[in-house]
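One structure is given below, encoded as structure tokens.
Numbering (mature numbering (1 follows the signal peptide of the UniProt record, and there is no 0)), first residue to last: -23 to -1, 1 to 73.
Following this line, the structure appears as structure tokens:
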């Protein structure tokens, strides 16, 4: 997988705590410490969620990094890199 360098500032509307994902192979950034308050740097949580997702080798479902709606996530320049164990990964950004 190519090296991705991403600067993110995501504004969204919904709830971290009420959206569990679409399966056990979903890695919600809130579960890794993202606060989504627009002030706290959530970069570390995004990195931890990416590492967990990238390390997943569940063959029945595609690993998914979930950024739920309802919060304002502040993420400074962050590297998302592989290789990942799965041949495919998904990133879902929910905006409501």
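Glycine residues also receive a C-beta, built at the ideal position from the N, C-alpha and C atoms.
Just tell me which of 29, 68 and 54 has its CA closest to the CA of residue 18.
54
Nearest-angstrom Cα distance between residue 76 and residue 11?
The structure shown does not extend to residue 76, since the chain spans only -23 to 73, so no value can be given for it.
Any idea which residues DSSP pairs residue 64 with across the strands?
For residue 64, which the question treats as bridged, DSSP gives no partner whatsoever.
Alpha carbon to alpha carbon, what distance is there between residue 42 and residue 68?
5 angstroms
Distance, Cα to Cα, residue 64 vs residue 15?
33 angstroms
If you compare alpha carbons, which of 9, 71 and 13 is closest to residue 25?
9
Could you tell me the alpha carbon to alpha carbon distance between residue 49 and residue 13, rounded to whole angstroms?
5 angstroms
Please state the DSSP three-state secondary structure of residue -3.
Note that residue -3 scores a pLDDT of 45, beneath 50, so its modelled location is shaky; the value from the coordinates is reported in the next line. Three-state DSSP puts residue -3 in coil, outside helix and strand.
Along the beta strand (DSSP E) that carries residue 3, what are the first and last residues, could you check?
3 to 5
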